[in-house]
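Here's the structure we're looking at; comments come further down.
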Amino acid sequence: MKDRDFSLKLEGLIAAQDRLPAAHPILPILSAKQSAVEAGIGGEERVAEVLRRSSFCFDNRIYHDLSLASNEKFQIDSHCLTPWHGVVFEVKNIGGVLEFKENPPQLISTKDDGHQFGYESPVTQLQRNCDFLTDWLWSRNIQLPIYSAVVLAYPKQIVKVPPAHTKLLFPNLIPAFIKNIPRPEQRLDPDTFAWLSAELLRCHRRYIPRPISEAYQIPLGDFLPGTRCKVCRRLGMIKLPRTWVCPTCDATDPIAHQRNFLEWFLVYKRTITNQECRRLLGVDIQTAKRILLSMGFKIEGNYRYRRYIMDINNFNHLLKK
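With the working numbering as the guide, the letters of the sequence shown map in order to residues -10 to 310.
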């Protein structure tokens, strides 16, 4: 459920940077965001590894990057479900000296050079996710106590001012925290627990980030066209009858267009026209039409007004790799 879904945001950020000119003013912002996303992935993987190595003497199910919908969509970093209660963790991997502010709720990070950065309070994010999860359970006629904690991914993170009313943990403390939660009354019988465990998986929806161009207000014309080589990362692969060839490193790739359509999906927008396809891949009108039809995209409009509507499921065969 976890790694590939979350990395879509990272893939989009990397692809966008690779397609922008070297002096583009948005590049430092995208680079900083990429570093933050990579840190987040690293932090969540550390928590996941701790939980994988842990054993509990009671029934439990562990979920990571669980994306559900109540009144709105929400995403839980890590969730432990038991027949007695649920536990929600909000994982953060932010460097510097940390101060949790109450009014207004905010996390302040002071770096080694003295610069300060403000973030949305993890406490607020955690409470919001607990409320959403409670509503989601209520809609299924389940009342389950929800416990929670903010997790700092690495002990090297220094906390100057901790949150006043929220538990703060490092990953190695998570198993003990879960084990020490009281279990006075079993809320879910075995059949209900099994059903709810499956229902959480059934209702999980892959997290699809907004296209980078939309999220950062980057004009589509700023991005460089061309079919990217997966080996050397250069743009400008040439279409041959049954494959693509890179003029820079001579690598061949029969599905290079599919990988580049995924880049389009993550960077540009959710639809593409024949003209846009020709510019992206560097092919003629008939080749573009043949390639677009081969992808199984939904089609809207006719002739010159035709556009192809992309869905993440069009790329499932790539996302499994």
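No residue lacks a Cβ here, since even glycine has one placed at the ideal position from N, Cα and C.
Fair warning: this is a prediction, and the values are worked out from it, not measured in the lab.
Within 9 Å, strictly: CB atoms of residue i and residue j
i      : j      : result
LEU141 : PRO72  : no
LEU115 : SER137 : yes
GLN6   : LEU19  : yes
SER43  : PHE121 : no
ARG35  : TYR143 : yes
PHE254 : ASN302 : no
LYS258 : PRO200 : yes
GLU252 : ARG8   : yes
VAL139 : PRO111 : yes
GLU289 : ARG279 : no
LEU162 : ARG248 : no
Exposed unless 16 or more other CB atoms sit within 10 angstroms - verdict on residue i
i      : result
LYS81  : buried
PRO208 : exposed
GLU79  : buried
ASP239 : exposed
ALA21  : exposed
HIS104 : exposed
TRP127 : exposed
VAL220 : exposed
Neighbourhood of residue i by C-beta, 8 Å cutoff - its chain only, sequence neighbours within 5 removed
i       : result
ASP(-6) : Interpretation of ASP(-6) is limited by its pLDDT of 48, a score under 50 that renders its predicted location unreliable; the figure taken from the coordinates is listed afterwards. The answer, listed in chain order, is ASP54, SER56, ARG195, TYR196.
Residue i at chain C interface by Cβ criterion, 9 Å
i      : result
TRP253 : No chain C is present in this structure, which holds just one protein chain.
Contact set for residue i: own chain, Cβ-Cβ below 6 Å, skip 5 residues either direction
i      : result
VAL148 : LEU87
GLY225 : GLY215
TYR108 : LEU96
PHE106 : SER98
ILE65  : LEU55, VAL77, ASN118
Neighbourhood of residue i by C-beta distance below 7 Å, restricted to the same chain and skipping five residues each side
i       : result
GLY85   : SER98, THR99, LYS100
ASP(-8) : With a pLDDT of 42 at ASP(-8), under the threshold of 50, the modelled position of that residue is not reliable, and the figure given next carries that caveat. Taken in chain order, the list of residues that qualify is empty.
GLY29   : ASN82
LYS310  : At LYS310, the pLDDT of 46 sits below 50, so the modelled position is not reliable and the matter cannot be decided from this model.
In chain order, which continuous runs of the alpha helix (DSSP H) of length 4 or greater are located wholly inside the stretch 238 to 287?
-> Segments of the alpha helix (DSSP H) lying fully in the stretch 238 to 287: 245 to 256, 263 to 270, 274 to 283.
Does the stretch 143 to 161 touch the stretch 120 to 135, meaning 3 or more C-beta pairs lie closer than 8 Å?
-> A contact is defined here as three or more CB-CB pairs under 8 Å, and the stretch 120 to 135 fails this definition with respect to the stretch 143 to 161.
List in chain order: all unbroken alpha helix (DSSP H) runs of 4+ residues lying wholly within the stretch 153 to 201.
-> 163 to 168, 179 to 192
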